Structure formats: structure tokens, C-alpha cells
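J.: Numbering of the sequence shown is given in this note's numbering, commencing with residue 466 and proceeding in unit increments.
Below is the structure I would like to discuss, written out as C-alpha cells.
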Amino acid sequence: MLSQYGWLPILALSVMSTQFQEVEVILNRFFVKNLTQLDLTFHEYQCQFTQVPEQGSEQKAISSVCYKLGVTAVRLGSRIITREPIDPRRMQTQDWQLQQIGYRELSCQNYHERQAMESFERKILEEKLKRFNKTAIEKDYELGLIWWISSQEGLEKIGHGWQVHRGRQIDLIIETDGKLYLQIDIHHRFYTPFTLEWWLTEYPDIQLKYVRNTYENKTNWLFEGLSDKRPNEIKIEELGVSVAEYHRKKGATEQEINESHVVIVKKTSGYTAKPILHLSQRLSPILTMEILAQIAAQRGEESEIQNVFDYIKKDINSRLQESQKTAKFIFENIYNLSSQPEIMKVNGFVMPRAKLLARNNKEIDKTAKIRILGCARIGETQFGCLNLFENQPECPAEVRKCLLDIARSSGTQIQIDSCFTGSDYPKDDLAQQRFWQQWAAQGIKTVLVVMPWSPHGEKTRLRIQALKAGIATQFMIPTPQANPYKALNVALGLLCKAKWQPVYLKPLDDSQAADLIIGFDTSTNRKLYYGTSAFAILANGQSLGWELPDIQRGETFSGQSIWQIVSKLVLKFQDNYGSYPKKILLMRDGLVQEGEFEQTIKELTHQGIDVDILSVRKSGSGRIGRESNSGNTEITYHDAEVGTVIFYSESDSFILQTTEVIKTKTGPLGSARPLRVVRHYGNTPLELLALQTYHLTQLHPASGFSSCRLPWVLHFADKSSKEFQRIGQISLLQNIDREKLIAV
């Protein structure tokens, strides 16, 4: 049976697919048209720079040229493509020049060419959507286009200093058969009607990451901090005028200038972005759900903020109905189509859930059951506790009880009697270092830190002092009443940092499944990318440890760094098991860039080790649902079951539902977001890769009741890269045992 849209026929799957339940699923996609030969044919140009861009910024440099050519243009690898020829007068500047290569038809079968054509169609749609009044269009690196109602008509919720505006997330997808689809979802934006100056006065303790202009094109900036000088006291060196003079010429009123602090901002893209001086009265903060949560905590507005969160977490039925209305508007006003947009129906499969293994390989369905049945592997047995919440030198009772229960069920004993309070913790740096060293000298390498909510900076300072002594820390924010669920998760996090393995994963009974899985991630501290953070496990989920990242320029991984990490882990596998792994599965969080894994593929192939490389993307896959029709009532939609997968044969990829929504008395809260997984190299059957990926999302040793949205190796690599960039001092990690999962 073949889907009406040409997706993967069931007959194309291997015998394994007979284990999967076949289902019909729907997507928030709408078929627009088949691309014609004219749509597929482009002028192609080579760009030569007078000065070669710095390593890691080549792609951004080419993309920036595309905006200066007078026609719609996008990057294709190291080249530029357009549908209209570029005026020869625009083909050369003092910084670069273009050379025309030819005029050719691109192929939807080619991944990079298909991606470039999607970018091109997205640009055209963006330009046409800009024509409508009372709306604004913004580009989002992960989501495509955000089309939102910028006027008062778009205002849905309001609070003290914040507003919620409604909009739509719109993306374009081209499939390998040349079909063009719209993917549409509900989107909400948090904004404030107040200036940055007001916010800094009203909420001085809430950290802001992004701000935007209150005038002209509403440009977004990274917020770096404040200057202690007034606008007329500090000059913009490049222009030779004061900040006050510059903004006066840009339309600022005298009141705005006189009531402003000088603010330091940077462009949101590019690691070489220089600091720019701005005015606090001409900026407003860009708000997030995290910021709203902090407001709630400060002002006692938890119930009001929770109502906002509940409101914006629309179920899939609401999302699809609203998306269909938006698709109809775009069909009629952009593509001149009179047809009714139909929600896309395709064939999918539901895969069997994973089985977790506790002590002595006892099968369990939730990690929480190790409290009764014991852990799969025992680690350190000595722990410390630093209680900064109350002046009592003891571990919180519920956590202590949980740890003792787990130890007893695991056939061992633990000690957690070395406890100190805030009054014991020194104030100066040298004494703090000695404090942690004395703990390490007692053989204690993992410590529970109990403290009230604090900014990341305070936690990071404590973590760094502990890491200097080779100690991993688990933080806990106490609750007014004992919470056994939270206590269990704190205990599991502490044990994972102490080399315990709460659960294993029952391996797939298939000789083609990988016996070593490695996840890679990258993160940035706004200046440098902390790349190639890696975490490895065996087929049964047993940790083989994490590896330190390389500091790199740009979000493209260094091929040499990847091979160095893979080779270390292969040798560690050989040390433990006496041979090389037969097959390795490499998972990359985000897009795989050209050439990243070439050296690794070459070296592994030379050693006779098979390898598959998967790109796992958290965004861009839309929503997966099921249709319900009870009797004569109207059609409604609900989220697809966890483990639902849709295969794309031609593009060697699949969409996978890995989480489920919270169900309340009034209905589901929100809608699950599936993963988009693309295989870039290898020959393992796609359905086996999908099953192994799904099972890896169900392995979450640090949580008693939840699974991961990402496969466990990527979940941990993602958290590690964020933790590494917060620490900022990679050398501190050299003394930490790689099997201590310090970032859970």
C-alpha cells in the first residue's frame, strides 16, 4: 500500500516491519503543488572573497552576499543560486566577486540541492507575507518563518510587564518526488510594552539574554550589560560622535536620551560580533517562559503565569484546525489556489516499547522500580551534603531514605554522614578550595548541595570550586513539603554522578544493531562553540563515559576532533571487551555539515568497523496525530502514540514520536513534538535504526518516571555541552572520572 503522497510503501520495509503495528496518521502539512521544470532550474554562481573568511564563518559569509544581489538568492554549499540572472553591475564589490557557472535543473533527490530549494521557496513566501498589514514576519533558524499579528489584535494575554501575542509558525518542505508542502503550527510570542530601562528597575535580578529595538525594524540583539556612563559622556569610536548624538539623529527624543542608561549589545549572529552601545529607553526585553516563571516566583503570580502556560499549550486538535484556516488564507492569497487545503494523511507504524533492566537483569517498565529491585550497577558508596538552605548539617530526610532504600535493594551500603551547612562554608576563594579538597581527601567524590533557587551564576561558582577538587555536585531546591517523586529524581541524579547505573536497556535481538552508540553535541558561550561534546553507551545502555569537547570556531564539528573522540571510545571498548565493536551508531544533534565525519568513516572502514551516522533534529518535523470520528460527530484529532514512526524511503529518514502529553481532567495539555532523524551514512535497515533510536529515548537513568525526548546519548551530550559552556574552564574536567555523569 502506498500513501497518496508517495511516501514509503510498506513493501519497501524489511521483515522487521511485521513486528510494527500499521496505523494511519496525519501531519500538520498541506500539499501545495508539484514543482515544474521551471521551478527547479536555477542560475548558479561561484563566490570568491578578497579576504578568505575565518574558519567556521564561510557559510555565513556566503549567505550574507545573497542579500546584496538585487534578486532572490540562497546559498547552495559554497555557491549561490538564483532564478533570475544577477545584474553584472552587482556581481563585484571590493570584498567579493561572483562568477557565473551555469544554468541547470536541480534535483530533489539530492539532499543539499533540495535544502537550497526549500530555502529559496521560503524566501519567496517571506517576501509575499510581508505585504500584509498589521502582521510581521520573522525568520527562525529552526522553525522556518514566524508570522504574527504585531498590533493589538494579536494580543491574547497580558500581565505586569508582559504580553502574549498569537502567530503562526510556517515552513516549506520539498519532498524527493518534487512535491511542495506547507507545514503550519500555532505559535505564541512573549513581549513587553515596557522598555529595558523599566525592566531593569522593576526586575533587577532577572537575567535577560535578548533585547530588541523599540523603533524601525525591531532588530534583535544579545544583551551584554550596562555601562556606568551617561549617553552624552561616551563616544562611538568608529563614528566619532557620542551615543546621545547618534540616537538623536536616529529619531530619539530628548526624554529617551536623558532617561537612558548606556547598554552594551551585540548582533545575535557571528562569533566575531563587536560590542555596540545602545540606549535602555530604546530597547525592550525579549521574554521567555523561563523569565515569566521567574516573575511568577518574585511577585507571587504563579497561578496567573500557569494559566498562561496552560493557554499556550494547545492540543493537537486546536492546532490542526487553526493551521487549516491559515493554509486556506495562504492558498488563496499567495499561491492563487481555490482548492481546500487538506490535512495530510500517511502510513505510519507503532513500534514496541523498550524493556529496562534493573539488578540481576530484572525487567522493569520505569526506572523508579529500582528502589525496590536494585540498580543494574553499583558505583561510589561515600557521599557528602552541603546544606545551604537551613542550618542543619544533614541530608534532606526524604532523599536520605530514598538513597538507603536503593542501596539496600542493590545489595550494598552507603555513607552520607559528612554534612555541612552554610555557616561552615568559607567566604574567601582559597578557603573554599581547601574546603572541597578536604572532602576529596576523605574519598568523597560526589556531594549533594541543598540551596534555595539561585541564578545559574551562583550554582556555577559552587560547581567550579567542587570540580577543582575532582568532586561532582547534585543540586536540590527544597520544597515546602517532602516530595517523594522529586526526592527519587535527586537521588538518581546523585547516583549517576557517582558512577552508578540505575538501569540497563534490554538490547535488540538483531545482529545488525550497533554495539556502540556515540552522541555528539555543540554549544556556545556567544564567543566560541564548545563542540564535539560526546557520550557513549553500549547496546545495553551501559555507559562507556563522556569525552571533553574541543573549543572551535563555528557550529561545524572538526573532523579531526570527531575522530579523536571516536578512536578513544573504540579503544576503551576494546580494553573492556577484547575486540573492536562490529558496528557503531554515531548520532549528531542537529544538522550534519559537509565533511564532518569523512575522516571517521575512512578510519573505521579501514578497520572493518561498520558505521551509521544519524542527524537528530528537535524541530522542523511538525506534529503527528491520529484522526477520531465517533458516530456522526465531527472529525477530531489526538496525538499519535509514543513510538509512532513515519518512514521516508527516498530521503533515508524518519519522523519519530518520543514523548506523550500530560493528560488532565479537561483534556491533553499541549501537543508532543516528534523528532526528525536523517541517516547520512550507513546501510543498516532504516526501521532497525528507528527502533534503536526510539528505545534509546526510553533510557533515562536519572529520572524515575520520565523518558527523554532525545536518545539518551544525545540528551546527555546536549546537557554536557551546555554545562561545559557555563563552566567555561574545560581544564577543570581533566581530573573527573569520565564515568561520572556530571551533567545529569
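For every residue, glycine included, the Cβ atom is placed at its ideal position computed from N, Cα and C.
Quick caveat: nothing in here was measured; it's all calculated off a predicted structure.
What does DSSP give as the partner residue(s) for cysteine 512 in the beta ladder?
T.: Leu563
J.: Where does serine 707 land, buried or exposed, given buried means 16+ other C-beta within 10 angstroms?
T.: buried
J.: What alpha helix (DSSP H) runs, 4 residues minimum, are completely inside the stretch 545-630?
T.: 576-594
J.: Alpha carbon to alpha carbon, what distance is there between lysine 1033 and leucine 620?
T.: 54 Å
J.: Do you know offhand how far tyrosine 994's Cα is from asparagine 801's?
T.: With a pLDDT of only 44 at tyrosine 994, under 50, the local geometry of the prediction cannot be trusted, and the value read off the model is given with reservation. Between tyrosine 994 and asparagine 801, the C-alpha separation is close to 44 Å.
J.: Can you find the residues in the same chain that come closer than 6 Å, C-beta to C-beta, to phenylalanine 1000, ignoring five residues on each side of it along the sequence?
T.: Around phenylalanine 1000: Gly984, Trp1011, Val1178, Phe1181 and Ala1182.
J.: Smallest Cα separation from valine 914: which of Ala906, Ser883 and Lys892?
T.: The option with the nearest alpha carbon to valine 914 is Ser883.
J.: Assign glutamate 549 to one of two classes, buried (16 or more other C-beta atoms within 10 Å of its C-beta) or exposed (fewer than that).
T.: exposed
J.: If we require 4 or more residues per run, which alpha helix (DSSP H) segments fall completely within the stretch 859-899?
T.: Whole alpha helix (DSSP H) segments, 4+ residues: 862-874.
J.: Given this structure, state the Cα-to-Cα distance separating glycine 996 from valine 676, to the nearest angstrom.
T.: At glycine 996 the pLDDT is 49, less than 50, meaning the model places this residue with poor confidence; the figure from the coordinates comes in the next sentence. Near 26 Å, if we compare the C-alpha coordinates of valine 676 and glycine 996.
J.: To the nearest angstrom, how far is the alpha carbon of tyrosine 1113 from that of glutamate 487?
T.: Rounded to whole angstroms, the gap between the alpha carbons of tyrosine 1113 and glutamate 487 is 15 Å.
J.: Can you pull the DSSP bridge partners for valine 912?
T.: Gly849 and Thr938
J.: Alpha carbons only, please: which of Leu1206, Lys599, Asp1202 and Phe1170 is nearest the one belonging to serine 1186?
T.: The residue with the shortest Cα to Cα distance from serine 1186 is Leu1206.
J.: What does a CB cutoff of less than 8 Å around glutamine 516 pick up in its chain, not counting 5 residues either side in sequence?
T.: Asp560
J.: Taking buried to mean at least 16 other C-beta atoms within 10 Å of its own C-beta, is glutamine 1190 buried or exposed?
T.: buried
J.: Taking the Cβ atom as the reference point for each residue, do valine 539 and phenylalanine 585 lie within a distance shorter than 8 Å?
T.: yes
J.: Going by alpha carbons, who is nearest to isoleucine 751 out of His630, Ile781, Glu724 and Thr832?
T.: His630
J.: From phenylalanine 940 to leucine 957, what does the alpha carbon distance come to, in whole angstroms?
T.: 12 Å
J.: Work out the CA separation of asparagine 697 and isoleucine 491 for me, nearest whole Å.
T.: 59 Å
J.: Along the chain, where does the beta strand (DSSP E) containing isoleucine 1089 start, and where does it finish?
T.: 1089-1093
J.: Leaving out five residues on either side along the sequence, give the residues of the same chain with a beta carbon under 7 Å from the beta carbon of asparagine 990.
T.: Note that asparagine 990 scores 45 on pLDDT, short of 50, meaning its location in the model is unreliable; the coordinates nonetheless yield the value given after this. Closer than 7 Å at Cβ, skipping near neighbours: Gln1190 and Gly1193.
J.: Applying the criterion that 16 or more other CB atoms from any shown protein chain within 10 Å of the CB defines a buried residue, is leucine 1198 buried or exposed?
T.: That one is buried.
J.: Sorted by chain position, which residues of the same chain lie with C-beta nearer than 7 Å to proline 858's C-beta, five sequence neighbours on each side aside?
T.: Asn852, Cys884, Phe885 and Thr886
J.: Kindly indicate which three-state DSSP category alanine 1218 falls into: helix, strand or coil?
T.: With the chain represented from 466 up to 1209, any question about residue 1218 goes unanswered, as that position is not in the structure.
J.: Please state if the CB of glutamine 1064 and the CB of tyrosine 1045 are separated by a distance shorter than 8 Å.
T.: no
J.: Under the assumption that leucine 970 contacts leucine 822 (Cβ atoms under 8 Å), give the Cβ distance between them as a whole number of angstroms.
T.: 7 Å
J.: Within this structure, are the beta carbons of leucine 1154 and valine 1081 separated by less than 8 Å?
T.: no
J.: Ordered along the chain, which non-local residues of its own chain (more than five positions away) have a Cβ less than 7 Å from that of glycine 935?
T.: Apart from the 5 residues on each side of it in sequence, glycine 935 sits with its Cβ closer than 7 Å to the Cβ of Ala905, Lys910, Asn1200 and Ile1201 in its chain, given in chain order.
J.: Use the C-beta contact count for isoleucine 982: other C-beta atoms within 10 angstroms, 16 or more gives buried, fewer gives exposed.
T.: buried
J.: Return the Cβ separation of glutamine 898 and lysine 933 in integer angstroms, given the expectation that the two are a contact with Cβ distance under 8 Å.
T.: The Cβ separation is near 6 Å, so the contact holds.
J.: Between which two residues does the beta strand (DSSP E) holding serine 1146 run?
T.: Checking the sequence shown, residue 1146 turns out to be tyrosine, not serine. 1140-1146 is the span of the beta strand (DSSP E), which, as asked, contains tyrosine 1146.
J.: Throw me the rounded Cβ distance for the histidine 653 and isoleucine 611 pair, which I believe falls under 8 Å.
T.: About 10 Å; that fails the 8 Å criterion.
J.: DSSP state of phenylalanine 485, grouped into three classes?
T.: coil
J.: Would you list the residues sitting across from arginine 540 in a DSSP beta bridge?
T.: Ile545
J.: Using a Cβ distance threshold of 8 Å, determine whether the stretch 681-699 contacts the stretch 783-800, with at least three qualifying pairs required.
T.: No contact exists between the stretch 681-699 and the stretch 783-800.
J.: Only counting the same chain, and skipping five residues up and downstream in sequence, which positions put a Cβ closer than 6 Å to that of valine 955?
T.: Val864 and Met941
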